[in-house]
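J.: Below is one structure. I have some questions about it.
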Amino acid sequence: MAIVNVTDQSFNAEIEGQGTVLVDFWAPWCGPCKMIAPILDELATEMGDSVKIAKLNVDDNPETASRFGVMSIPTLIFFKDGQPVDKVVGLNSKENLKNIISKHQ
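Read in order, the letters of the sequence shown are residues 1 to 105 in the UniProt record's numbering.
This is the structure in structure tokens:
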């Protein structure tokens, strides 16, 4: 499944009732955000049927970032059926992210 870009306006529609969703809170100027992007692309390819991956630019969508208490980026929040169930901040390995996804399926 391809990675989807979400906004303050589309966030709820994209996340609610969708099974497991990983949301990457990022910004274009963030170095670690650029480093995690290819890892997320690989996860989308490898686990596309079992997880939806969404990206939210915090500069353009501050309302949603504030709602979930995002203070540092990248922040990855894992949702299960529309509810946040896990959160990691900073650059993480693909294996660590896969383990978190598997834990919430």
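Even for Gly, the Cβ is constructed at its ideal location relative to N, Cα and C. No experiment lies behind these values; they were computed from the predicted model shown.
Might you give, ordered along the chain, the residues of its own chain that have their beta carbon closer than 8 Å to the beta carbon of residue 107, omitting 5 neighbours on each side?
T.: Here the chain covers residues 1 to 105 and nothing more, so residue 107 does not appear.
J.: On the criterion of 16 or more Cβ atoms from any shown chain inside 10 Å, does LYS52 qualify as buried, or is it exposed?
T.: buried
J.: From the DSSP output, which residues share a beta bridge with ASN57?
T.: TRP26
J.: Under 7 Å, do CYS56 and THR45 count as touching if we go by C-beta distance?
T.: Inspection of the sequence shows that residue 56 is occupied by Leu rather than by Cys. The answer is no: Cβ separation not under 7 Å.
J.: Relative to the C-alpha of SER50, which residue among ASN12, GLN18, ASN92 and ASN96 is closest?
T.: Its Cα nearest to that of SER50, the residue GLN18 stands out among ASN12, GLN18, ASN92 and ASN96.
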